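Only one structure is covered here, and it is reproduced in the block below.
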Amino acid sequence: MKTLDYILLTLVVIGAVNWGLIGFLRFDLVRVLFGDMTILSRIIYAAVGIGGLYAISYYGRIRSAGEY
C-alpha cells in the first residue's frame, strides 16, 4: 500500500506542477511533451485524476493516525 501511496502522490504532484505552469505561464507541459490530447496525454491526465481521487483517502488516514 505504501508503494501505491508514493506512486499516486507523485502523480498528484506532477498534476499540481502542470496546473501551476498553466496558471502562471499559460504553459501546458503535458501537451508540449506528449501532444494535444493524444492517447498518451489522455492517459497521463486520467492517471493524475485517479491519483487525486485516491489522495482524498489521505484525509481519513491522517485523522485516524492522530487517534490513539
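Okay, so the sequence shown: first residue is 0 according to numbering that gives the first Met the number 0, each after it adds one. Don't be surprised by glycine CBs; every beta carbon is placed ideally from N, CA and C. Since the model is a prediction, treat every value here as computed from it, not as a measurement.
Alpha carbon of residue i to alpha carbon of residue j, nearest angstrom
| i | j | result |
| --- | --- | --- |
| A54 | A45 | 14 Å |
| G51 | I13 | 11 Å |
| V31 | L39 | 12 Å |
| I21 | V47 | 15 Å |
| I78 | Y57 | In the structure displayed, the chain extends from 0 to 67; residue 78 sits before or after that span and is not available. |
Run of the alpha helix (DSSP H) containing residue i, from where it starts to where it stops
| i | result |
| --- | --- |
| R41 | 38–54 |
| F26 | It is not in any alpha helix (DSSP H) - F26 carries neither H nor E in the DSSP assignment. |
Buried or exposed by the 16-neighbour rule on C-beta atoms within 10 Å, applied to residue i
| i | result |
| --- | --- |
| V11 | buried |
| L3 | exposed |
| I43 | buried |
| V16 | exposed |
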